Amino acid sequence: MLKDLIIFSTFVKLLLFPTYRSTDFEVHRNWLAITHSLPISKWYYEDRSEWTLDYPPFFAWFEWILSQFAPLADKEMLRVDNLNYTSDATIYFQRATVILSELVLFYALKKYLTTNNMKNKNLLNILAASIFLNPGILIVDHIHFQYNGFLYGIFLLSLAYAKEGNDLMCGIMFAVLLNFKHIFLYLAPAYFVYLLRHYCFQETSIQGTKKFSLLHFFFLGVSVIIIFLLSFGPFIIMGQLGQVLSRLFPFKRGLCHAYWAPNFWALYSAMDRVLIVFAKRLGWTLNESAIGSITRGLVGDVNFALLPQVKANHTFILTLIFQMASLVKLWKRPSYKNFLVSLILNGYSSFLFGWHVHEKAILLVMIPFSLISADNIALFRSYMILAVSGLYSLFPLLFKLTESTIKIVICLLWFILTFMGILSNLNYKRNNIKKYSRSNESKLSYLIKIIENIYMYGFIILQFFTGIVHQIIYKDGKYPFLPLLSTSIYCAFGVIYSWIRLSVIYFLGKDDENQEVNS
Numbered sequence: 000m001l002k003d004l005i006i007f008s009t010f011v012k013l014l015l016f017p018t019y020r021s022t023d024f025e026v027h028r029n030w031l032a033i034t035h036s037l038p039i040s041k042w043y044y045e046d047r048s049e050w051t052l053d054y055p056p057f058f059a060w061f062e063w064i065l066s067q068f069a070p071l072a073d074k075e076m077l078r079v080d081n082l083n084y085t086s087d088a089t090i091y092f093q094r095a096t097v098i099l100s101e102l103v104l105f106y107a108l109k110k111y112l113t114t115n116n117m118k119n120k121n122l123l124n125i126l127a128a129s130i131f132l133n134p135g136i137l138i139v140d141h142i143h144f145q146y147n148g149f150l151y152g153i154f155l156l157s158l159a160y161a162k163e164g165n166d167l168m169c170g171i172m173f174a175v176l177l178n179f180k181h182i183f184l185y186l187a188p189a190y191f192v193y194l195l196r197h198y199c200f201q202e203t204s205i206q207g208t209k210k211f212s213l214l215h216f217f218f219l220g221v222s223v224i225i226i227f228l229l230s231f232g233p234f235i236i237m238g239q240l241g242q243v244l245s246r247l248f249p250f251k252r253g254l255c256h257a258y259w260a261p262n263f264w265a266l267y268s269a270m271d272r273v274l275i276v277f278a279k280r281l282g283w284t285l286n287e288s289a290i291g292s293i294t295r296g297l298v299g300d301v302n303f304a305l306l307p308q309v310k311a312n313h314t315f316i317l318t319l320i321f322q323m324a325s326l327v328k329l330w331k332r333p334s335y336k337n338f339l340v341s342l343i344l345n346g347y348s349s350f351l352f353g354w355h356v357h358e359k360a361i362l363l364v365m366i367p368f369s370l371i372s373a374d375n376i377a378l379f380r381s382y383m384i385l386a387v388s389g390l391y392s393l394f395p396l397l398f399k400l401t402e403s404t405i406k407i408v409i410c411l412l413w414f415i416l417t418f419m420g421i422l423s424n425l426n427y428k429r430n431n432i433k434k435y436s437r438s439n440e441s442k443l444s445y446l447i448k449i450i451e452n453i454y455m456y457g458f459i460i461l462q463f464f465t466g467i468v469h470q471i472i473y474k475d476g477k478y479p480f481l482p483l484l485s486t487s488i489y490c491a492f493g494v495i496y497s498w499i500r501l502s503v504i505y506f507l508g509k510d511d512e513n514q515e516v517n518s
């Protein structure tokens, strides 16, 4: 099955070669040129292009490795001054490197399958296929252009090691991942608590007690330090650590990206817009610069007209507060299942309350959530709402008419195959244990399901409005921001609701890893 999966997925990805490319394509071409043509001492200083190198050193070396093969396709792509260069050979080469790099994801999924003790192998294959063919990865990597599949492969390798009980390798792989892309720092608190509690505290002869293992702590600490020294060591020696860090953490950017990611700050910003309308009618004096900033986050600080101003440290504190809640339970009961759910909730917190969050970061939640989406019907419904709202929020990345059909068809096929595959297996399980019935379902639970279904069907109306109705009503180009605004806000409700739903399951559910929840 896995062999068929990689053949089919490669065929699909090859068909996407001629599709739209974002500026990220030029970003990575420029990084190929920088790492190939310049000495390492200039990598994080080069600024002839606005797309400067702003990923950690391991990713820079990854680009360097790719650049060694680039001359076989077109050596002109490796000129630093050859900005916005896009020959056919360059396009084919860069697209192909994304496909090849995803072999890491394929290997990680294969390893994860071997460590999973789930008896239903058919369901395991469905979950693996749902991740490998996730529309988010197809849209962001194989059309928009990035290397997320490769990175999530490393992430899943880390989880596979944790699943099989190899905590040391789990920590090492996560340290490697951080040095490829620092956005995964948002998940570091869950890793820290789990590895400290599960690996550094060992069972004693007295039942129910654990003793801190200085040896395990030493092994883990030294391993992580070595990884970071391999990555940042050359820049520390050259006295460039500050320059590298300034590239990795550019806090001069605004709170929200130009297109608001579907998170808490999207609703916060929208509320500020609504209050402006009422304030104008009441004749209040308003901040004119804030009134004019309908889309924010390109550069500089964000200004709100009526709501309190938000700074980077505010978002950091909020994120940490919401992350801490899940970490307390993880510390008390450091099971793999609690670790995985805590990771997901950490991802949620960073996405919902983080600073300058990109819509693509929803994959940080969606990919690990896929692994538990078939555990029970409650988790499945939470995942379903997240998947639909999260994937739809990526639609604005492909704004050209030619890609509209592609993104809709890809997502619909994935929804049907994944959701029906998981649901059919869950229904089989439910019918066999005869535990679930409509009579046992509370009226409140039934009402919640109706509301959830109405919300899901609402995406049909949203697509109809953003794709057709808006263009008909506002032919003169008036209110061009409405499609993006409505998409961001509507999807934000779904993402936030799925977060609340999972939190309730995590904090109120049983700790048994094979629990079934009727909700």
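According to numbering that gives the first Met the number 0, the sequence shown holds residues 0 to 518 in order. Ideal placement from N, C-alpha and C gives every residue a C-beta, glycine not left out. Please read all numbers here as calculations on a predicted model, not as lab measurements.
Item: Residue span of the alpha helix (DSSP H) that contains E25, given as start and end; Value: 22-36
Item: Identity of the residues DSSP links to C255 by a beta bridge; Value: V356
Item: Pairwise C-alpha distance: K180 and P55; Value: 6 Å
Item: The stretch 15-22 / the stretch 214-221 touching (three or more Cβ pairs under 8 Å); Value: no
Item: Boundaries (first-last residue) of the alpha helix (DSSP H) holding F183; Value: F183 -> no alpha helix (DSSP H), and no H or E assigned at all.
Item: Test item: CB-CB of H357 and A260 under 9 Å; Value: yes
Item: Backbone CA spacing between T401 and H143 [nearest angstrom]; Value: 13 Å
Item: Three-state secondary structure assigned by DSSP to N431; Value: Annotation note: pLDDT 48 at N431 (below 50); position unreliable, coordinate value reported separately. Looking at N431 - three-state DSSP - the assignment turns out to be helix.
Item: Reduced DSSP secondary structure (H/G/I, E/B, other) of Q470; Value: helix
Item: Pairwise C-alpha distance: V139 and K399; Value: 15 Å
Item: Alpha-carbon spacing of T314 relative to Q322, whole angstroms; Value: 12 Å
Item: Three CB pairs or more closer than 8 Å across the stretch 36-43 and the stretch 8-16; Value: no
Item: F255 to Y335 span [Cα, whole Å]; Value: According to the sequence shown, residue 255 is Cys rather than Phe. Taking the straight line from one Cα to the other gives about 34 Å.
Item: Whole-angstrom distance between L396 and D46, CA atom to CA atom; Value: 26 Å
Item: Touching by the beta-carbon criterion (3+ pairs, under 8 Å), the stretch 335-347 and the stretch 99-108; Value: no
Item: Coil, strand or helix - K41 by DSSP; Value: helix
Item: Limits of the unbroken alpha helix (DSSP H) element including E62; Value: 56-66
Item: Three or more C-beta pairs below 8 Å linking the stretch 159-172 and the stretch 192-199; Value: yes
Item: Euclidean distance between Cα positions of V243 and R78; Value: 22 Å
Item: DSSP state of Q145 mapped onto helix, strand, coil; Value: coil
Item: Endpoints, the beta strand (DSSP E) within which E49 is located; Value: Here E49 belongs to no beta strand (DSSP E), and DSSP marks it neither H nor E.
Item: Beta carbon of Y111 nearer than 9 Å to that of S487; Value: no
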